[in-house]
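Going by numbering that gives the first Met the number 0, the first residue of the sequence shown is number 0, and it counts up by one from there. By construction, the Cβ of each residue, glycine as well, lies at the ideal position given by its N, Cα and C atoms. Inspection log for the structure reproduced underneath, given as structure tokens.
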Amino acid sequence: MSETKLPRPTDGELAILRVLWERGDSTVREVHEALTRHEPEGTGYTTVLKLMQIMTEKGLVERDESQRAHVYRARATEQRTQRQLVTDLVDRAFGGSPARLAMQALSSKKTSPEELAELRRLLDTLEGAEE
């Protein structure tokens, strides 16, 4: 897969991508069922179908039409999509400063001791790479 920048997914498209990342390749029906398990009064089947057709046009998902029920898969990994979204957010809202984003994120919600330990390890690794 090329490293070209994919379009920024909407909230609805991100919900579909989360299902595809969790389940792997899936039909529209499978995605719809997974979404309704999380939000029973959520999106209708035809809305999910239309969103997935739009996502195909935008290049966010690929569709395998070799079977009767078309199978969709995410074009980018979850990590790549998150990195692209964070980079965009850092540039737009934090003047390009990842530190300002991290400080705002850490001050806005309680962070578990496990997450703090993981952050400390990451900071130690980053500091070691600069030496």
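State the DSSP-derived secondary structure class of residue i, mapped to helix, strand or coil.
i	result
ASP24	coil
GLU29	helix
GLU61	strand
ALA68	coil
ALA98	helix
ALA75	coil
THR110	coil
ARG17	helix
LEU5	coil
GLY127	helix
GLU40	coil
Would the beta-carbon of residue i fall within 7 Å of that of residue j?
i	j	result
PRO6	LYS49	no
VAL89	ALA73	no
VAL47	VAL18	no
ARG79	HIS69	no
GLY41	LEU34	yes
LEU84	PHE93	no
ILE15	VAL30	yes
To which residues of the same chain is residue i closer than 6 Å at the C-beta, ignoring the five residues directly before and after it?
i	result
ALA75	LEU5
HIS13	A small fix is needed here, since residue 13 is Leu in this sequence, not His. None.
THR9	none
Suppose the cutoff is 8 Å on Cβ atoms and the five residues either side in sequence are ignored; what does the same chain contact list for residue i look like?
i	result
ASP24	ASP63, VAL70, TYR71, ARG72
GLY95	VAL89
ASP87	ARG7
GLU21	ALA33
Would a check of beta-carbon distances place residue i closer than 7 Å to chain D?
i	result
ALA14	Of the protein chains in this structure there is only one, and it is not chain D.
Please determine whether the Cβ atom of residue i lies at a distance below 6 Å from any heavy atom of the ligand NAP.
i	result
VAL27	This structure does not include the ligand NAP; it has no bound ligands of any sort.
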